[in-house]
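> Could you have a look at this structure, given as structure tokens, before my questions?
2 protein chains.
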Amino acid sequence: MTTIVKENEIKKCVNISKDIIPIIENAFVSLSKGEAIMPPILRLDIHENNGEVDVKTAYIKGLDSFAIKMSSGFYNNPSIGLPSTGGVMFLVSTKTGKLETVLLDGGYLTDLRTAIAGAIAAKYLANKNIKEVGIIGAGMQAKLQLIALMLVRQPTTVRIWARDFDKGEKYIKEVSSKINCNFINCKNPKEVTEKSDMLITTTPSSAPLIQYEWIHKGLHITAMGSDAEHKNELDPRIIQNCDLYVADRQSQTSILGELHHALKANLVSKDKKFTELGDVIDTQTKGRKSEDQITVCDLTGTGVQDTAIARYAFEIAMKNNLGLQLD
Amino acid sequence: MTTIVKENEIKKCVNISKDIIPIIENAFVSLSKGEAIMPPILRLDIHENNGEVDVKTAYIKGLDSFAIKMSSGFYNNPSIGLPSTGGVMFLVSTKTGKLETVLLDGGYLTDLRTAIAGAIAAKYLANKNIKEVGIIGAGMQAKLQLIALMLVRQPTTVRIWARDFDKGEKYIKEVSSKINCNFINCKNPKEVTEKSDMLITTTPSSAPLIQYEWIHKGLHITAMGSDAEHKNELDPRIIQNCDLYVADRQSQTSILGELHHALKANLVSKDKKFTELGDVIDTQTKGRKSEDQITVCDLTGTGVQDTAIARYAFEIAMKNNLGLQLD
Numbered sequence: 023m024t025t026i027v028k029e030n031e032i033k034k035c036v037n038i039s040k041d042i043i044p045i046i047e048n049a050f051v052s053l054s055k056g057e058a059i060m061p062p063i064l065r066l067d068i069h070e071n072n073g074e075v076d077v078k079t080a081y082i083k084g085l086d087s088f089a090i091k092m093s094s095g096f097y098n099n100p101s102i103g104l105p106s107t108g109g110v111m112f113l114v115s116t117k118t119g120k121l122e123t124v125l126l127d128g129g130y131l132t133d134l135r136t137a138i139a140g141a142i143a144a145k146y147l148a149n150k151n152i153k154e155v156g157i158i159g160a161g162m163q164a165k166l167q168l169i170a171l172m173l174v175r176q177p178t179t180v181r182i183w184a185r186d187f188d189k190g191e192k193y194i195k196e197v198s199s200k201i202n203c204n205f206i207n208c209k210n211p212k213e214v215t216e217k218s219d220m221l222i223t224t225t226p227s228s229a230p231l232i233q234y235e236w237i238h239k240g241l242h243i244t245a246m247g248s249d250a251e252h253k254n255e256l257d258p259r260i261i262q263n264c265d266l267y268v269a270d271r272q273s274q275t276s277i278l279g280e281l282h283h284a285l286k287a288n289l290v291s292k293d294k295k296f297t298e299l300g301d302v303i304d305t306q307t308k309g310r311k312s313e314d315q316i317t318v319c320d321l322t323g324t325g326v327q328d329t330a331i332a333r334y335a336f337e338i339a340m341k342n343n344l345g346l347q348l349d
Numbered sequence: 023m024t025t026i027v028k029e030n031e032i033k034k035c036v037n038i039s040k041d042i043i044p045i046i047e048n049a050f051v052s053l054s055k056g057e058a059i060m061p062p063i064l065r066l067d068i069h070e071n072n073g074e075v076d077v078k079t080a081y082i083k084g085l086d087s088f089a090i091k092m093s094s095g096f097y098n099n100p101s102i103g104l105p106s107t108g109g110v111m112f113l114v115s116t117k118t119g120k121l122e123t124v125l126l127d128g129g130y131l132t133d134l135r136t137a138i139a140g141a142i143a144a145k146y147l148a149n150k151n152i153k154e155v156g157i158i159g160a161g162m163q164a165k166l167q168l169i170a171l172m173l174v175r176q177p178t179t180v181r182i183w184a185r186d187f188d189k190g191e192k193y194i195k196e197v198s199s200k201i202n203c204n205f206i207n208c209k210n211p212k213e214v215t216e217k218s219d220m221l222i223t224t225t226p227s228s229a230p231l232i233q234y235e236w237i238h239k240g241l242h243i244t245a246m247g248s249d250a251e252h253k254n255e256l257d258p259r260i261i262q263n264c265d266l267y268v269a270d271r272q273s274q275t276s277i278l279g280e281l282h283h284a285l286k287a288n289l290v291s292k293d294k295k296f297t298e299l300g301d302v303i304d305t306q307t308k309g310r311k312s313e314d315q316i317t318v319c320d321l322t323g324t325g326v327q328d329t330a331i332a333r334y335a336f337e338i339a340m341k342n343n344l345g346l347q348l349d
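Chains as they are written, first to last, in the working numbering: chain G, 23 to 349; chain D, 23 to 349.
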């Protein structure tokens, strides 16, 4: 028997909330403690259609199921009225390998666990009293990262920069109805960076948008846009010179994240072992050490997050009597 | 909208047949001609439960969809009355990345495309007039490989060896009702090898079962059991000394197949470029050159086969008005 849960059912009962924070935190801790097996990402590029597909998975020891997650990004889709991203998650029994559940989430759960990872990064790395937040990009994650951030911090001003100024306007119109902050649409990322206590970069840029010269004491940056070899949002000198660089998984960020570009430019040593987000959560002593520190969290997205969110979504869907059982 | 096709629906309309041979042949040809993009396999091992999960995919240029396939092997399952293998395939649009179809095949389509690959190997590599066939192993593929072989060759005698003699008996009881041959259950693999014109090895053995000393002129071996680093059915000297070694995909067999062990033992050079099955099919001059040649085909299972069989199964299911459409 396999249970199929549809996107509208998942959206009905699973939303960004404080409940999910410890679930994703535990996933990161299991990873950094060596209690998870997470193989390298399977990636397929379809260049002629400007598309990419990732498959991620991770087995967290002790759990009775694990997720296999496909997520897609096809960047010509908006021109035909479709969202760029999509996906599906499966839960598989860790005991028998049996397919137990298909979550037809269309990428929704990936969006959600990514936003919660951003909130976790802010919780442990951003100063407690941040007031001014900067957002780079105006897509889905630009919105969700801010909504999730509100679970752990209380900013009063949000500055946004998007390559297309009108998209910034649209973003503000939409998000300001949900979040009680002062929103400012900026003409350049320099202004956003210089005036922010915390910066969230959410673009698929392939050249740095944030320059080293703009960063300042006390700033925390969560860079979550880069999840492929060619993607790069931060000037690599930021990685080299920040006080604390934290990877979601160093073996991934060194290939797919901001760290990759700092390594390629020989600005950091290949042998350097950086702190991972799970270590920061687990020890509570490896995060920010003073209000002045400049911190960076590099998020590429991990299979343990997928296993954690898929199990959570399935549990909630079952509690709500949702899903279709097929024999 | 996503279409869900159940296992019993797939089994109702898709079976081993001659129709599937050109479909899988075309897939191999696309691979060897560089018309497919096939990333490395994603593999997750769950050692404490004697289980493994593979994810395979391949995009074949020009096609409007590609498959992502999960297959599992959990070898403690029979002790609780479950089959060892399982799986699911889904079809994704090559234009938009959208999930189009979920084939809840439970591993059936993997079994089928694997058996057809064996038939293709025999079609191009085994002598035309083979009479005596040897089967090593008594599992699902031991049966399906023989059934598929009958599509392309007419043997009269089948010798089988299984580690458990009783399983060999059971195999003969079951298969002899479907295939009109003389079946002989043998006490050792030596007898099977020495008396066969063609040998099919189908076990998950981690030490060679077939010794170099037993092979002889004219023999064709299809080794399809090894699909993981530790698996090994053939004495590596067979790979070193046979007249023609053919890989389904050399980049896979050098890691997961019989070739892997010959490389590890330094019996063949890392730089040697071997023939691939797609080349043999495409050129029709790269296969067996004389009746005396000893040939080996090393099958590890490829994503292009999955894309081909999943598209075929979906097409047939739609023609039969099967499947459930979910919005």
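Note that the Cβ used here is the ideal one computed from N, Cα and C, for glycine as well.
1) Considering only residues of the same chain and omitting the five flanking positions on each side of Pro230(G), which have a CB-CB separation below 8 angstroms?
2) Within 10 angstroms of its Cβ, does Met246(G) collect 16 or more other Cβ (buried), or is it exposed?
3) Given a threshold of 16 other Cβ atoms within 10 Å of its Cβ, counted over all protein chains shown, does Pro211(D) qualify as buried or as exposed?
4) Since Met92(D) meets chain G, which of its residues come closer than 8 angstroms, beta carbon to beta carbon?
5) Taking Cβ positions, are Lys120(G) and Gly161(D) nearer each other than 7 angstroms?
6) Give a yes or no on whether 7 angstroms exceeds the smallest Cβ distance from Phe205(D) to chain G.
7) Cutting at 6 angstroms between CB atoms, please list the residues of its own chain near Lys145(D), excluding the five before and the five after it.
8) From the DSSP output, in three-state form, read off Gly156(G) for me.
9) Thr225(G) and Gly159(G) - do their beta-carbons sit closer together than 7 angstroms?
10) Any idea what DSSP makes of Phe296(G), helix, strand or coil?
11) From what residue to what residue does the beta strand (DSSP E) around Gly73(D) run?
12) Go to Arg65(D), then tell me how far its alpha helix (DSSP H) extends in each direction, as first and last residue.
13) Determine the closest residue to Gly300(G) out of Glu313(G), Gly309(G), Thr118(G), with distance taken between C-alpha atoms.
14) Does the separation of the CB atoms of Met60(G) and Gly323(G) fall below 7 angstroms?
15) Quick one: measure Cβ to Cβ for Met111(D) and Leu134(D), integer angstroms, because I've assumed they're closer than 8 angstroms.
16) When the Cα of Val180(G) is compared with those of Lys189(G), Ile194(G), Ala170(G), Ser101(G), which residue comes out closest?
17) Rounding to the nearest angstrom, what Cα-Cα distance links Leu53(D) and Ile82(D) in this structure?
18) If we define contact as Cβ-Cβ less than 7 angstroms, is Ile68(G) a contact residue for chain D?
19) Specify the secondary structure class of Ile59(D) as computed by DSSP and reduced to three states.
20) Kindly indicate if chain D contains any beta-carbon less than 7 angstroms away from that of Arg65(G).
21) Looking at chain G, which residues of the stretch 24 to 56 of chain D have a Cβ within less than 7 angstroms of any of its Cβ atoms?
22) Assuming Tyr97(G) and Ser87(G) form a contact by the criterion Cβ under 8 angstroms, report the distance between their Cβ atoms to the nearest whole angstrom.
23) To the nearest angstrom, how far is the alpha carbon of Val36(D) from that of Met92(D)?
24) Find out if the Cβ-Cβ distance for the pair Gly240(D), Asp314(D) is shorter than 7 angstroms.
25) Only counting the same chain, and skipping five residues up and downstream in sequence, which positions put a Cβ closer than 7 angstroms to that of Ser115(G)?
26) I'd like to check one pair, Ala80(D) with Ala58(D): are the Cβ atoms closer than 7 angstroms?
27) Output the distance between the C-alpha atoms of His69(G) and Ile46(D), rounded to the nearest integer angstrom.
28) Which same chain residues end up closer than 8 angstroms to Lys192(D) when comparing Cβ atoms and leaving out the 5 residues on each side of it in sequence?
29) DSSP three-state call for Met220(G): helix, strand or coil?
30) Between Gln176(G), Ser228(G), Leu147(G), which lies nearest to Asn204(G) when the distance is taken from Cα to Cα?
31) At 4 residues or longer, what runs of the alpha helix (DSSP H) sit wholly inside the stretch 229 to 282 of chain G?
32) What I want to know is whether the C-beta of Leu231(D) ends up closer than 6 angstroms to one or more non-hydrogen atoms of the ligand GTP.
33) Name the chain G residues whose beta carbon is nearer than 7 angstroms to that of Asn343(D)?
34) Does the beta-carbon of Ile102(D) have 16 or more other beta-carbons within 10 angstroms, so that it is buried, or is it exposed?
35) Using a Cβ-Cβ cutoff of 7 angstroms, what residues of the stretch 205 to 227 of chain D are near chain G? List them in chain order.
36) Is it true that the CB of Asp328(G) sits closer than 7 angstroms to the CB of Met23(G)?
In short, the structure shows the following:
1) Asn254, Glu255, Leu256, Asp257, Pro258, His283
2) buried
3) buried
4) Ile90, Phe112, Val114, Leu121
5) no
6) no
7) Val174
8) strand
9) yes
10) coil
11) 73 to 82
12) Here Arg65(D) belongs to no alpha helix (DSSP H); instead the beta strand (DSSP E) covers 64 to 68.
13) Gly309(G)
14) no
15) Not a contact, Cβ separation roughly 11 angstroms.
16) Ile194(G)
17) 8 angstroms
18) yes
19) strand
20) yes
21) Thr24, Ile26, Lys28
22) Not confirmed; about 32 angstroms, so no contact.
23) 19 angstroms
24) yes
25) Asp86, Ser87, Glu122
26) yes
27) 25 angstroms
28) Ala160
29) strand
30) Gln176(G)
31) 258 to 263, 272 to 278
32) In terms of ligand content, the structure shown is empty, and the ligand GTP therefore cannot be addressed.
33) Those within 7 angstroms of Asn343(D) in chain G number zero; the least Cβ separation is about 17 angstroms.
34) exposed
35) none
36) no
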